[in-house]
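Numbering (UniProt numbering), first residue to last: 1 to 158.
Every residue gets a Cβ at the ideal spot worked out from N, C-alpha and C, and that includes glycine.
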Amino acid sequence: MNIFPTKEQTFKLIGDQNATLDRLVRRTEKSEKLTSQYTDKSFRGMINGNQFKIISSVIGRGAFCVMTGEINSANGYVKVEIHKVFRILLSVFLFFPVIGFFAITFFGEEDFSPIFILVVIAQIFMIRYIFIEIAFKFLSKESLNKLRDVLDIEWIKN
């Protein structure tokens, strides 16, 4: 079981590799740190040869997904994952039910009930499989669509 979702997608280039890489370089603001800042470009990140590691330049939600990939002569791939900072923040968020369980158990005036354990487990699964999954699905789709528009590519079904 992965704690955080990832998505891998392969694509086919419509044009040639050099034109695609040139479009990506023109639409990406170079940045070692993958942070959100106001820019007129579509992405922020690093491009080394035919490999890239970029985020969307949309303030707030653009940095949630990091896209890492490679552009080859006829096709390429991209891996989308949650940014490290957001993974740490979401990990803390996932521990809130456990912290609440221990607080109720040790400091609560109520007697211990085994149902508390089921509630904690259900809350953790709800946070992971509902909130994090939906946010990742929506934001990764938005980032991948922006990448598709910039690179002029076609997705290959996996």
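Which residues does DSSP pair with residue i in a beta bridge?
{"i": "residue 52", "result": "47, 69"}
{"i": "residue 29", "result": "44"}
{"i": "residue 76", "result": "11, 71"}
{"i": "residue 6", "result": "81"}
{"i": "residue 154", "result": "12"}
Confirm, please, whether the CB-CB distance from residue j to residue i is below 8 Å.
{"i": "residue 83", "j": "residue 58", "result": "no"}
{"i": "residue 63", "j": "residue 34", "result": "yes"}
{"i": "residue 153", "j": "residue 14", "result": "yes"}
{"i": "residue 4", "j": "residue 132", "result": "yes"}
{"i": "residue 156", "j": "residue 12", "result": "yes"}
Taking the alpha-carbon positions, what's the residue i to residue j distance?
{"i": "residue 95", "j": "residue 79", "result": "27 Å"}
{"i": "residue 32", "j": "residue 129", "result": "31 Å"}
{"i": "residue 151", "j": "residue 6", "result": "21 Å"}
{"i": "residue 75", "j": "residue 10", "result": "7 Å"}
{"i": "residue 52", "j": "residue 71", "result": "8 Å"}
{"i": "residue 39", "j": "residue 87", "result": "25 Å"}
{"i": "residue 37", "j": "residue 49", "result": "24 Å"}
{"i": "residue 111", "j": "residue 105", "result": "8 Å"}
{"i": "residue 146", "j": "residue 2", "result": "26 Å"}
{"i": "residue 92", "j": "residue 73", "result": "42 Å"}
{"i": "residue 107", "j": "residue 149", "result": "55 Å"}
{"i": "residue 97", "j": "residue 85", "result": "21 Å"}
{"i": "residue 118", "j": "residue 60", "result": "34 Å"}
{"i": "residue 81", "j": "residue 113", "result": "38 Å"}
{"i": "residue 218", "j": "residue 23", "result": "Coverage of the chain is limited to positions 1 through 158, which leaves residue 218 absent and any answer about it impossible."}
Would you mind giving the Cβ-Cβ distance between residue i and residue j, rounded to the nearest angstrom? I have them listed as a contact below 8 Å.
{"i": "residue 47", "j": "residue 25", "result": "6 Å"}
{"i": "residue 8", "j": "residue 77", "result": "7 Å"}
**OP:** Would you check if the segment 9-22 and the segment 110-126 touch, i.e. whether three or more CB-CB distances between them fall below 8 Å?
**Re:** no
Original post:
Is the segment 42-55 touching the segment 66-76, taking contact as three or more C-beta pairs under 8 Å?
Top reply: yes
Original post:
Would you call the segment 100-113 and the segment 138-154 touching, i.e. three or more CB-CB distances under 8 Å?
Top reply: no
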